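To start, the structure under review is shown below, and the notes come after it.
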Amino acid sequence: MEHVDHILIVDDDREIRELVGNYLKKNGLRTTVVADGRQMRAFLETTPVDLIVLDIMMPGDDGLMLCRELRAGKHKATPVLMLTARNDETDRIIGLEMGADDYLVKPFAARELLARINAVLRRTRMLPPNLVVTESGRLLAFGRWRLDTSARHLLDEDGTMVALSGAEYRLLRVFLDHPQRVLNRDQLLNLTQGRDADLFDRSIDLLVSRLRQRLLDDARVPAYIKTVRSEGYVFSLPVEVLGAPS
269 MEHVDHILIV DDDREIRELV GNYLKKNGLR TTVVADGRQM RAFLETTPVD LIVLDIMMPG
329 DDGLMLCREL RAGKHKATPV LMLTARNDET DRIIGLEMGA DDYLVKPFAA RELLARINAV
389 LRRTRMLPPN LVVTESGRLL AFGRWRLDTS ARHLLDEDGT MVALSGAEYR LLRVFLDHPQ
449 RVLNRDQLLN LTQGRDADLF DRSIDLLVSR LRQRLLDDAR VPAYIKTVRS EGYVFSLPVE
509 VLGAPS
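Just so you know, we're using the working numbering here: the sequence shown kicks off at 269 and counts up by one.
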């Protein structure tokens, strides 16, 4: 039986929930709508979903808090698309810092939401388009770290696992497949998120900052990801392809 993607919509606005839910159903997606974080948690306890559409501005636990909770728990790998009521860069930045995979500003066209959902789902299921991919199911070694490309786990020299969000994994994989090569922000944004760069879009800078934290890389004197002024970023270490993970 063919898999039908299941989208969970979390929004306190009943009209938006119904309009979005009905539109996505008409376009071949399975949808469930809930009004708040309590209902979201209860539903996820029993039913897995493929993507969560999460409104930021909600009473009680807002979308930012819920996104952070999702990223820290057993649903950390579930893609999250955040909705913000204001065209405010701060909301977008904070949402991306919390681990959201994409965002959309209200008011929005339902067709654009559907396109964003489909794009996020594609990105979570395959490596970025046009990426020169190393052999799958390998350990990629660099410095004190190894990346298990099957489990998408980052491992330190003692074998301790460091969990990565989907966006962090995609960015690290881009760097590891293009080591010691300067990549500008437009290239990184397109390879990791599949859309053109926005003049004010700081998502790549935020992702680099988060990835540096995972790698314990001092941003002032980075050993792994270096900033090239006016150009972009470069992964400065060589990468070794080891055998398949045990």
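For glycine and all other residues, C-beta sits at the position ideal for the given N, C-alpha and C.
Computed from a predicted model, the values in this text were never measured in an experiment.
query	result
When the Cα atoms are used, what is the spatial distance from Arg-379 to Gln-448?	40 Å
Residues in its own chain within less than 8 Å of Glu-499 by CB, not counting five upstream and five downstream?	Val-450 and Asn-452
On the DSSP letters alone, give me the boundaries of the beta strand (DSSP E) that Leu-349 sits inside.	348-352
With three or more C-beta pairs closer than 8 Å as the rule, is the region 288-298 touching the region 334-345?	no
In three-state terms, what does DSSP make of Gly-367?	coil
Per DSSP, Met-429 is paired with what?	Leu-423
For the ligand HEM, is there any heavy atom lying closer than 7 Å to the beta carbon of Leu-439?	No copy of the ligand HEM occurs in the structure displayed, which carries no ligand at all.
Nearest by alpha-carbon distance to Ala-345: which of Pro-316, Asp-330 and Pro-490 is it?	Pro-316
Considering only C-alpha positions, which residue in the set Leu-439, Ile-385, Arg-480 and Met-325 is nearest to His-274?	Ile-385
Where Pro-506 and Thr-460 are concerned, what is the direct C-alpha to C-alpha distance, given to the nearest angstrom?	21 Å
What does DSSP give as the partner residue(s) for Val-450 in the beta ladder?	Val-502
Output needed for Leu-415: all residues of its chain with C-beta closer than 6 Å, excluding positions within five of it in sequence on either side, in chain order.	Leu-408 and Leu-422
Does the distance from the CB of Met-308 to the CB of Gly-331 come in under 8 Å?	no
Taking DSSP as the reference, what is the three-state secondary structure of Thr-314?	helix
Just curious, the beta strand (DSSP E) that Arg-482 is in, first and last residue?	Here Arg-482 belongs to no beta strand (DSSP E); instead the alpha helix (DSSP H) covers 471-482.
Can you give the Cα-Cα distance for Leu-312 and Asp-280, rounded to whole angstroms?	17 Å
On the DSSP letters alone, give me the boundaries of the beta strand (DSSP E) that Lys-374 sits inside.	Unbroken run through Lys-374: none, as it is neither H nor E.
For Arg-497, name the three-state secondary structure that DSSP assigns.	coil
Between Leu-334 and Ser-477, what straight-line distance do the alpha-carbon atoms span, to the nearest angstrom?	21 Å
Decide if Val-509 is buried, meaning its Cβ has at least 16 other Cβ atoms within 10 Å, or exposed.	exposed
Could you check where the alpha helix (DSSP H) with Arg-336 kicks off and where it finishes?	331-340
Does Leu-322 come out as helix, strand or coil in the three-state DSSP assignment?	strand
Per DSSP, what kind of secondary structure is Arg-282 in: helix, strand or coil?	helix
If you run the structure through DSSP and keep just helix, strand and coil, what is Arg-406?	coil
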